[in-house]
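Trainee:
Numbering (full-length UniProt numbering), first residue to last: 1 to 1016.
(1) For residue 533, I'd like the list of residues in its chain whose CB is within less than 7 Å of its CB, leaving aside the five on either flank, ordered along the chain.
(2) Leaving aside the five residues before and after residue 903 along the sequence, list all residues of the same chain whose C-beta is less than 6 Å from its C-beta, in chain order.
(3) Specify whether the region 96 to 113 and the region 56 to 65 touch according to this definition: at least 3 beta carbon pairs, one from each stretch, less than 8 Å apart.
(4) What are the start and end residues of the alpha helix (DSSP H) that includes residue 136?
(5) I need the straight-line Cα distance from residue 930 to residue 792, nearest angstrom please.
(6) Please go through the same chain and pick out, in chain order, the residues whose beta-carbon is closer than 7 Å to the beta-carbon of residue 241, but skip the five residues on each side of it.
(7) In terms of residues, what are the limits of the beta strand (DSSP E) holding residue 256?
(8) Please report the straight-line C-alpha distance between residue 604 and residue 583, rounded to a whole angstrom.
(9) Which class does residue 117 belong to by DSSP, given the choice of helix, strand or coil?
(10) Residue range of the alpha helix (DSSP H) that residue 598 falls in?
(11) Compare the C-alpha of residue 163 against each of 157, 155 and 139 and name the closest.
(12) Judging by CA-CA distance, which residue of 409, 396 and 450 is the nearest neighbour of residue 432?
(13) Since residue 155 and residue 134 are thought to touch, with beta carbons under 8 Å apart, how far apart are those beta carbons, to the nearest angstrom?
(14) If you follow the beta strand (DSSP E) that residue 384 is in, where does it begin and where does it stop?
(15) Return the residue from the list 452, 397 and 754 that minimises the CA-CA distance to residue 405.
(16) Quick test of your reading: residue 444 and residue 468, contact by CB under 8 Å. State the CB separation rounded to the nearest angstrom.
(17) If the criterion is Cβ atoms closer than 9 Å, does the pair residue 551 and residue 564 meet it?
(18) Considering only their Cβ atoms, is the gap separating residue 457 from residue 472 smaller than 9 Å?
(19) Where do the ends of the alpha helix (DSSP H) carrying residue 934 lie?
(20) Please state whether the Cβ-Cβ distance between residue 825 and residue 786 is less than 9 Å.
(21) Please determine, among 101, 129 and 744, the residue with the shortest C-alpha to C-alpha distance to residue 107.
(22) Hey, could you find the ends of the alpha helix (DSSP H) residue 792 is sitting in?
(23) Going by alpha carbons, who is nearest to residue 304 out of 548, 292 and 328?
(24) I need the straight-line Cα distance from residue 539 to residue 548, nearest angstrom please.
(25) Looking at the unbroken alpha helix (DSSP H) that takes in residue 266, where does it start and where does it end?
(26) Given a cut-off of 9 Å on the beta-carbon distance, is the pair residue 917 and residue 837 in contact?
(27) Please determine, among 716, 734, 737 and 695, the residue with the shortest C-alpha to C-alpha distance to residue 726.
(28) Roughly how many angstroms separate the alpha carbons of residue 105 and residue 231, rounded to a whole number?
(29) In its own chain, which residues sit with a C-beta less than 8 Å from the C-beta of residue 112, not counting the 5 before and 5 after it?
(30) What is the rounded straight-line gap between the Cα of residue 947 and the Cα of residue 193?
(31) Where does the unbroken beta strand (DSSP E) through residue 71 begin, and where does it stop?
(32) Pull up the CB-CB distance for residue 252 and residue 218, whole angstroms please, since I reckon it's below 8 Å.
(33) Once you ignore the five residues that flank residue 402 on each side, which residues in its own chain have a CB closer than 6 Å to its CB?
(34) In the DSSP assignment, find the unbroken alpha helix (DSSP H) run with residue 952 in it and report its ends.
(35) Would you be able to state if there are at least three C-beta pairs under 8 Å between the region 594 to 610 and the region 571 to 582?
(36) Can you tell me whether residue 864 is helix, strand or coil according to DSSP?
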């Protein structure tokens, strides 16, 4: 005992004496007056005090009684609490003189400037709360000197710069949060030293790099929040071993990795997990059901695969979303896990859309919690009718079932969902009429029933949906007139799309009630009469499409529609002059083609940009931009008085000239008709012919110097006409090869009957004998200055290039070419008088002119789709079952004997699109076993596409990297859908064109760089 006392006397008592001495020193150097003056200095910097909080801070009141100030028994300031006071101004650095301050709580004010580095002098500070202010600048690293800090709250400010690595040495720190700032850099590895940390939150910043594995050392950690940053790399599996965790909030990053199979076992306290919009892959762990405290489970927008395991122990689950993954196998039992969710009696949200689920909606789903607010099944492979028991879920606010194969009628019971706000049943196979009971949905804001097989009229009861903002009934078989009640829905602000139906009658003057409507699309109907002038009252319109109707008369005054971006009035019976005021609009597209407009075309505004307008099929128009190639306008002579004899002489001369002109035109017409008849008599499939000798001379004897390329049945040479120096391309068929003659006839048949700006133009043909008496057949085309798309995607170094340059296509140029090709396919499939399938679409068959406009060529394998009046030639070539096309581009169903169809071309186009933006051929050596170009892109979709993008696109300064990422995601998404293995899953070519145009319009400053001239 004595020895213990001696030890204390020798070592421990002096220790207390020293610290007692230090307290005396601090007290000696810091008196109450220092605190008072520091507080007055703080007050001095406040520029706005609406609640007069600091009014009590004056000489008549002791400072320890000032509002927000708390002192110790010895009279020193220990807390400054001024939350929610709307104080404005910088934080005074004199706060650093309050040496005994434990709490600095300034939340929810409007403090500006930086965080004073003088706060580092507050050695006793435990709580630093500066949330929801307007502070900027960097976080001072010297705050690490405040070694007693327990909580740091800095959220909702404008802080920038890195997170100080020095913060990793707060031994007592339990909470640090700074979401909603602009912090950059990586997360310090030193954070792994914060052994007392419970809460770690830096969501909604600009942090990058990896999440340090050292975070897995924080055994007391309960909350980890890095949502909405740019963090990447493998998500540390060590974090899934922290049994204390209740919340994992890391959505909207670029994390990858898999969910470990033991997740539900090692995280028994998990309450909230959100990993949405990352690149997690692999299956869902079976152990997930063991996290019985789980209430929020957000796994959407990743690349998770396989079947969803049973979730029977998740009794508390209220929000569950697995949307936008690759879950399901396309089997009938994909949704069998639903029965296990019947134990979750508080389930409100269930997101199953955008997966591979198939089968019908399972019967056990009717036993789910009636608290369910969302029924989200879009973009799967589900079928069958809408179940009758759906009416049980009276709390539904959203029903999304689009892009499936649902059948049957739309049940009138849907009208009982009094809380329903969104109803999307589009892109299915629903039949019957639109139930009038939908008018009972008074809260409905969006109704999409497009792309079904509905018929009948629009129920007038829809006029009762006074909150409706968007209505899309397009692509159905609806008829009769459009009810006046629809145009009384002043709530319509987003879009009204009734296109591609069979509506008749006139457009009511009540259209003027839609003053806030953004998009009005009525194209492809049978509407007639004049366009009402009240349309000019729809002052918020950005897109107006009345294409393909029977409207007549002149364009009414629409001068008030200053926000119009797209105006399409093509394919009607409109007449009169084109309004000058359209040149004052900021239009991106103006399509007036195939009407009866007359007079001088304006030349200002959009009329200067020939690539953004189309006036085809208006024979009475004149003037305009030279590129439109309209005739010059003839100026009318002023009204002068002529002598009678002179007048008669003038009339005679004019009549004589006109008579001669008519006679000359008749002779030319008759000669051409006789020539055409004579050629047709030799073969029904030939064009105007030229001689072998003329082609031989023009190509220097088909020499190798003029050789351009070789296809399946022919070789192509460059030729120059002797008489005028015109350049052309001649395709010489190898008639020794079986099928070459048939290919020649077929290509003649296609190219002489089909005309489109994106099809290669045949000039003439040659069918005869060469100098040795052998059969000779050739086609002469327009010469394409820039060769084929294949030459540009896979250039040979230094080939025809000076200074060692290589061919490079920018992102926008590739977009334009893709649109060109899709427009050509849409014409061949849907708009020509006979539907044609190309059967061999690939980059080498896409030729580029001097402006890099794409032209589809080589119709040697094309097939006419049979119709009721298909001729003998077409039937014969369509019935062939021989597999046609090129390896890598041929639709998989052709390999098992399926008939040729337009969806085969869609598959080829999808592969071509993927090749255009990845730079990879589908026959690349890297594609072996089960890996092909489609799966190669799918594995990177949607978050790692920049890794597989053609490097040429990233080298260009044409677009910002984030804009490229956004656009390539959309483009390759189209390519993946088009190249789906099953034909039924592929897009319609018209939708492809629309989607690509929409993507191009999203590229700032590059909208509508090509005209939308599709010959009909």
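All residues carry an ideal CB built from backbone N, CA and C; glycine is no exception.
Mentor: So, from the listed chains and residues:
(1) 556 and 557
(2) 983 and 986
(3) no
(4) Where residue 136 is concerned, there is no enclosing alpha helix (DSSP H), although the beta strand (DSSP E) it sits in stretches over 136 to 138.
(5) 28 Å
(6) 216 and 266
(7) 254 to 258
(8) 5 Å
(9) helix
(10) First-last for residue 598: 596 to 601, but that is the beta strand (DSSP E), not the alpha helix (DSSP H).
(11) 139
(12) 409
(13) Incorrect: roughly 13 Å between the Cβ atoms, too far for contact.
(14) 381 to 384
(15) 452
(16) 6 Å
(17) no
(18) no
(19) 933 to 940
(20) no
(21) 129
(22) 789 to 793
(23) 328
(24) 23 Å
(25) 263 to 266
(26) no
(27) 695
(28) 31 Å
(29) 88, 89, 90, 133, 134, 135 and 136
(30) 34 Å
(31) 69 to 71
(32) So it is not a contact: roughly 23 Å between Cβ atoms.
(33) 378, 424, 426 and 427
(34) 951 to 955
(35) yes
(36) strand
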